[in-house]
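Working notes for the structure below.
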Amino acid sequence: QVTTNEGEIKEAYVYRWIAGLNKLEKSLWKYEDFLKDKESFLSFGKLRASFGTTGNDQISNYLYLPLYSTTTAYLGNSATQVITLPNESIKWETTKKLEFAIDLGFLKDRITFTANYYRNRSSDQISLAATGSQNGYGNYTANLPALIQNKGLELELNSTNITGGDFSWKTAANFTFTDNKLLKFDNLESSFYAANYVVGESINLIRLYRYTGVNPANGTATFEDRDGNGVINTNDRYVADLGTPFFGGFNNTFTYKGFELGIFFQFNHRFGVTQILNTRPGALVNQNEYWLNRFTPANADSFTPGATANAGSPIYASYNNYTSSDAVYGDASYIKLRSVNLSYSIPQEWLKRIRVSNASVYVQGQNLYTWAKNKYTLDTETTITGGPTGLGTGTLGQVLPPLRTIVFGINCSF
């Protein structure tokens, strides 16, 4: 058990100190001492649990005080202005962590398995809170009155499949299942965040229109009128979760004499961007080939809206809702051949002749291939996550995707 009492100059004195239990871990069961039988299938077992509280205050110093700066005003006169709206109520963001895990070994630990369940609940999230525009600031740093739960199950399996002689084969796999939920947000309905979050739902939610196709008369995007009032507006959107329900990886390592081959796959099941859009179709920039099949009078049955550079056209106006619809978002799951590594250790008898202690040559390939339901799917490394607050994901942007790389090299020691 470890207990600490920590303080920072980032909070007013009354909120500066956080005293709590950082970590309490207990082994509930250990199956080891009486496994003396060499024929026993189970060679090791351990059940453990832990609970802890941690604090976070990753903000600048003295935000509880008004901060001033000097500037040059009219006719070169000096002036002093307030640049930070003070908040004496800033306090630590806290997270209470609960974990249960089991470790098992089989066949003299040739196979090992770990299952870890965790539940984290965080409160008093430090974020920028909106203020009225009349005060000249726009926002200030504050604690949000929210309670967020993140829970999940992590599974890890390692096995030595073949060993002995010149050949060996080892496997390592991991699977992670995740879930998060906004458990509480005081006065959410009347707050600035009412449009972004829903109590009882994921903090990674996004509101989307349901795309129904193209109006063959004018090429505009059409959407489901959920309330049936004949008007498409924000009330017709549905809630989708941009979180990742599960992900993992699978690695195999083969060795034969001086050769070693490693192959690593990773997978990700998620809802996300499935169409790459950089600007409105019709603009004078490079466009995705997706738009080659767009609506035209000669292609009136297309499922892709038309293109235009005319800001006053119906097609142009409908594009706003199109980018916030399930035409752009969908099943973004993928499996990626993340890496392949091949190396060869040069025999010692060869190295003695050139007075080298150890040497090996290798070739490495990264991000070699991706399998996805939609070829325009963006993986998690190609997207920027960041919503309007510190709670979770709001919108997805685009950055340069991971590059496919192949590297050749040699390692030597003398």
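Residues 463 to 876 (the numbering used here) are what the sequence shown spells out, left to right. Ideal Cβ positions, reconstructed from N, Cα and C, are used throughout, including at glycine.
Quiz item: Are N642 and N612 touching if we call contact CB-CB under 7 Å?
Solution: Taking the sequence shown and counting its residues from 1, the one referred to as residue 642 is at position 180. Taking the sequence shown and counting its residues from 1, the one referred to as residue 612 is at position 150. In this structure, N612 lies closer than 7 Å to N642 by Cβ.
Exercise. In angstroms with no decimal places, state the Cα-to-Cα distance between N772 and Y778.
Key: Your numbering for residue 772 matches position 310 in the sequence shown. Your numbering for residue 778 matches position 316 in the sequence shown. Using only the alpha carbons, I get a separation of about 7 Å.
Exercise. Under the assumption that L670 contacts S780 (Cβ atoms under 8 Å), give the Cβ distance between them as a whole number of angstroms.
Key: If you number the sequence shown from 1, residue 670 lands on position 208. If you number the sequence shown from 1, residue 780 lands on position 318. Actually they are not in contact, since the Cβ atoms of L670 and S780 sit about 15 Å apart, beyond 8 Å.
Self-check item: Exposed unless 16 or more other CB atoms sit within 10 angstroms - verdict on S540
Solution: The count along the sequence shown starts at 1 and reaches residue 540 at position 78. That one is exposed.
Practice problem: Return the first residue and the last residue of the beta strand (DSSP E) that S585 is part of. | Solution: What you label residue 585 is simply residue 123 of the sequence shown in a count that begins at 1. Looking at the DSSP string, the run of the beta strand (DSSP E) that includes S585 is I573 to S585.
Self-check item: Distance between I816 and N714 (C-alpha atoms, nearest Å)
Solution: Translated into the one-based positions of the sequence shown, residue 714 becomes position 252. Translated into the one-based positions of the sequence shown, residue 816 becomes position 354. Their backbone Cα atoms lie some 34 Å apart in a straight line.
Quiz item: Based on the DSSP secondary-structure assignment, which residues constitute the bridge partners of S589?
Solution: Within the sequence shown, numbered from 1, the residue matching residue 589 stands at position 127. Per DSSP, A604.
Practice problem: Excluding the 5 residues preceding and the 5 following G720 in the sequence, name in chain order all residues of the same chain whose CB lies nearer than 6 Å to its CB. | Solution: Taking the first residue of the sequence shown as 1, we reach residue 720 at position 258. Once the five neighbours on either side are set aside, the close Cβ partners of G720 are Y806 and S807.
Self-check item: As assigned by DSSP and simplified to three states, the class of L569
Solution: Translated into positions along the sequence shown, residue 569 becomes position 107. Here L569 sits in coil by DSSP.
Quiz prompt | Straight-line gap, G744 to G768 (C-alpha atoms, nearest Å) | solution = Indexing the sequence shown from 1 puts residue 744 at position 282. Indexing the sequence shown from 1 puts residue 768 at position 306. One C-alpha to the other measures close to 9 Å.
Quiz item: L640 and P548 look like a contact to me (Cβ under 8 Å); what is the Cβ gap, rounded to whole Å?
Solution: Taking the sequence shown and counting its residues from 1, one reaches residue 640 at position 178. Taking the sequence shown and counting its residues from 1, one reaches residue 548 at position 86. Just to set this straight, residue 640 is Thr in the shown sequence, not Leu. Their Cβ separation, rounded to whole angstroms, is 37 Å, which puts T640 and P548 out of contact at 8 Å.
Exercise. Put Q810 into one of helix, strand or coil per three-state DSSP.
Key: For this step, residue 810 is matched to residue 348 along the sequence shown. Correct three-state label for Q810: helix.
Quiz item: For the beta strand (DSSP E) that S775 lies in, which residues bound it at each end?
Solution: For the purposes of this step, residue 775 is taken as the residue at position 313 of the sequence shown. Run containing S775: none; DSSP gives neither H nor E here.
Quiz item: Would DSSP call G517 helix, strand or coil?
Solution: Walking along the sequence shown from the start, residue 517 turns up at place 55. If DSSP states are grouped into helix, strand and coil, G517 belongs with the strands.
Quiz item: In the DSSP assignment, what are the bridge partners of S875?
Solution: Against the sequence shown, residue 875 aligns to sequence position 413. Looking at the DSSP assignment, S875 forms a beta bridge with N820.
Self-check item: Inter-residue CB distance, D841 and Y796 (contact presumed, cutoff 8 Å)
Solution: Position 379 of the sequence shown, counted from the start, is the residue given in the question as residue 841. Position 334 of the sequence shown, counted from the start, is the residue given in the question as residue 796. Yes, D841 and Y796 are in contact; Cβ-Cβ is about 6 Å, under 8 Å.
Quiz item: Hey, out of V790, F876 and Q828, whose CA is closest to Q810's CA?
Solution: Here residue 810 is taken as the residue at index 348 of the sequence shown, counted from 1. Comparing Cα positions, the closest option is F876.
Self-check item: Exposed unless 16 or more other CB atoms sit within 10 angstroms - verdict on V869
Solution: Here residue 869 refers to the residue found at position 407 when the sequence shown is read from its first residue. Exposed, because fewer than 16 other Cβ atoms sit within 10 Å of the Cβ of V869.
Exercise. Say whether the region 674-693 touches the region 649-665, bearing in mind that this needs 3 or more beta-carbon pairs closer than 8 Å, one atom from each stretch.
Key: no
Self-check item: R866 versus T534 - alpha carbon distance
Solution: One-based indexing of the sequence shown puts residue 866 at position 404. One-based indexing of the sequence shown puts residue 534 at position 72. The straight-line gap from Cα to Cα measures roughly 51 Å.
Quiz prompt | Cα-Cα separation, F562 to I665 | solution = Locating residue 562 in the sequence shown gives position 100, counting from the first residue. Locating residue 665 in the sequence shown gives position 203, counting from the first residue. Whole-angstrom Cα-Cα distance: 24 Å.
Quiz item: Counting pairs of Cβ atoms below 8 Å between the region 514-534 and the region 549-559, do you hit three or more?
Solution: yes
Self-check item: First and last residue of the uninterrupted beta strand (DSSP E) at K632
Solution: In the sequence shown, residue 632 corresponds to position 170, counting from 1. Unbroken beta strand (DSSP E) run through K632: F629 to F647.
Quiz item: Does DSSP put G711 in a helix, in a strand, or in coil?
Solution: On the sequence shown, residue 711 is found 249 positions in, with the first residue counted as 1. DSSP places G711 in strand when its eight states are reduced to three.
Quiz item: Helix, strand or coil: how does DSSP classify W554 here?
Solution: Here residue 554 refers to the residue found at position 92 of the sequence shown. W554 falls in the coil class under three-state DSSP.
Exercise. Could you tell me if Q520 is buried or exposed, where buried requires 16 or more neighbouring beta carbons within 10 angstroms of its beta carbon?
Key: Within the sequence shown, numbered from 1, the residue matching residue 520 stands at position 58. It is exposed - the Cβ of Q520 has fewer than 16 other Cβ atoms within 10 Å.
Quiz prompt | Short Cβ contact (7 Å threshold) for G567 with T576 | solution = Along the sequence shown, one-based indexing puts residue 567 at 105. Along the sequence shown, one-based indexing puts residue 576 at 114. Cβ atoms of G567 and T576: not closer than 7 Å.
Quiz prompt | Cut-off 6 Å between Cβ atoms - residues of its own chain near G482, not counting five sequence neighbours on either side | solution = Taking the sequence shown and counting its residues from 1, the one referred to as residue 482 is at position 20. At G482, the pLDDT of 49 sits below 50, so the modelled position is not reliable; the number obtained from the coordinates is stated separately. Contacts found: T515.
Quiz item: Grouping DSSP H, G and I as helix and E and B as strand, with all else coil, what is G724?
Solution: If you number the sequence shown from 1, residue 724 lands on position 262. DSSP places G724 in strand when its eight states are reduced to three.
Quiz item: Are V802 and I725 close, meaning C-beta to C-beta below 7 Å?
Solution: The residue labelled residue 802 in the question sits at position 340 within the sequence shown. The residue labelled residue 725 in the question sits at position 263 within the sequence shown. Cβ atoms of V802 and I725: closer than 7 Å.
Quiz prompt | Distance between N750 and L739 (C-alpha atoms, nearest Å) | solution = Within the sequence shown, residue 739 is the residue found at index 277, counting from 1. Within the sequence shown, residue 750 is the residue found at index 288, counting from 1. Going from the Cα of L739 to the Cα of N750 covers about 7 Å.
Exercise. Can you check DSSP and say which residues form a bridge with W833?
Key: Translated into the one-based positions of the sequence shown, residue 833 becomes position 371. I797, per the DSSP bridge assignment.
Practice problem: Could you please give me the residues that DSSP links to K613 through a beta bridge? | Solution: In the sequence shown, the residue the question calls residue 613 occupies position 151. For K613, which the question treats as bridged, DSSP gives the partners R581 and D641.
Self-check item: Own chain partners of N836 with C-beta closer than 7 Å, once the 5 adjacent residues on each side are dropped
Solution: As a position in the sequence shown, residue 836 is number 374, starting the count at 1. The answer, listed in chain order, is T736 and G792.
Quiz item: According to DSSP, which residues form a beta bridge with K559?
Solution: Taking the sequence shown and counting its residues from 1, the one referred to as residue 559 is at position 97. Answer is G514 and N582, bridged to K559.
Quiz item: Would you call the CB atoms of P864 and N829 closer than 7 Å?
Solution: Start at 1 with the first residue of the sequence shown, and residue 864 comes out as number 402. Start at 1 with the first residue of the sequence shown, and residue 829 comes out as number 367. Yes, they are a contact pair.
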